[in-house]
Every structure is written in structure tokens, then in C-alpha cells.
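>
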Amino acid sequence: MPAKKKTKKSTKKNTEKSENDLETKCRRNILDIAVLQDHIALQRESLIKVQTDRTDLRRRMRDMEQKLQHERQDHRDVNSDFSRQYKTLQTELTSKVKRLEQDVSQLKEELAVCQEELRKEKREREEMEQEKDAIICDLRHKLDNMETDYEKILHETLDSLTSQLSLVRQGWEDKSTTLHQNYKELLSEFGLNALDM
1 MPAKKKTKKS
11 TKKNTEKSEN
21 DLETKCRRNI
31 LDIAVLQDHI
41 ALQRESLIKV
51 QTDRTDLRRR
61 MRDMEQKLQH
71 ERQDHRDVNS
81 DFSRQYKTLQ
91 TELTSKVKRL
101 EQDVSQLKEE
111 LAVCQEELRK
121 EKREREEMEQ
131 EKDAIICDLR
141 HKLDNMETDY
151 EKILHETLDS
161 LTSQLSLVRQ
171 GWEDKSTTLH
181 QNYKELLSEF
191 GLNALDM
């Protein structure tokens, strides 16, 4: 019987041990559950944060896509406007270039005409200068001839005048001598001396 006692004791011990193990397991499980609940709560908070972030990111992405769409539209509008302005400027520039080319062509023609007129004027001026030089040379020659002629005439006139004056002087001297002689004679008739007077 003692063997039965031992069995009872060991069964009792086993039961106690088994209860202790069960209690330990239960505590462990409770702790594991608490840890898991905490872990789940953290995971849940992380999930909520991730979902909130994902929602925010989706909203921001939609905003960015709309903004990008607006910018693309603005870019297309600006490109279209630039393209239109470019075409307008190109058309204006082309017409301006054509107008300027016409002006250049017309100015070249006018320049050619002016240069021809200038050459003509220069030729005419040179001819006139040559004619003037010839006239001046001819007039100088005539002036020299006239001067020589006048000089001859003047010399001849002066020579003639000198000879005439000589004759007249001679006549006056003869008359004067005769008059002087007559007066001397008259004075001597009156008894006067001519040298005393």
C-alpha cells in the first residue's frame, strides 16, 4: 500500500505541478496577449498613420497632378502664344526685309544716277575751268598787248609833247628875250638902268 501512497503523492504533485504549469502558461499567455495587444495597438496606430499619410499623399498627388495639368496647359498656352507671336514677328520681319531691299535697290539706282550726274557736273566744271583759263590767258595776252600799245602811245605822245614843249619854249624864250631887249631899250630911253630895278 505504501506504493499507492506514493502514487497519490506523486499524482498530487503532478496535479499541482500541472496546475502551476497551467497557471504559468496562463500568465504567460496573458502577458503574450497583452504584448500582442500592445503590438497590435502599435501596428494599428502605425497602420492608421500610414493610411492617413497615404490619404494625404494621394490628396497631395492629386493636387500636384492638377497643378501639373494646369502648368502643362499654361505651357501649351504660352507655347501657342509664343508661336503666334513668332509667326507674326517673322511675317513682319519678312515684309520689312522686302521693303528694305526695295529701298536699297531704289537707293542704289538713285546713287548711280547721282554719280552719273556728278561725273557730268565734274566734266562740265572742268570744261568751264578750261574755258575760263583760256579766256583769262587770252585776256592777259590782250592786256599785255594793250599795255605795250598804251606804253608806245604814251611814249610817242610824251615825245611829241616834249618836242612841242621844246618848240614852244624856244618860241617863248625868243619872245622873252625880245621883250626883255625891248624893255631894256625903253628903260634906257627913259634913262633908267634895268639892273637897278
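Every letter in the sequence shown is one number past the one before it in the UniProt record's numbering, and letter 8, counting from 1, is 8.
Heads up, the beta-carbon is just placed ideally off N, CA and C, and yes, glycines get one too.
Could you tell me the alpha carbon to alpha carbon distance between D32 and L42, rounded to whole angstroms?
A straight-line Cα-Cα distance of about 15 Å links D32 and L42.
> For L167, which of helix, strand or coil comes out of DSSP?
helix
> Consult DSSP for L192 and reduce its assignment to one of helix, strand or coil.
coil
> In whole angstroms, give me the CA-to-CA distance for K184 and F190.
10 Å
> Would you tell me roughly how many angstroms separate the C-alpha atoms of Q69 and N79, rounded to the nearest one?
Their Cα atoms are separated by approximately 15 Å.
> In the region 70-103, which residue ranges form an unbroken beta strand (DSSP E) of at least 3 residues, counting only runs that do not cross its ends?
Within the region 70-103, not a single complete beta strand (DSSP E) segment reaches 3 residues in length.
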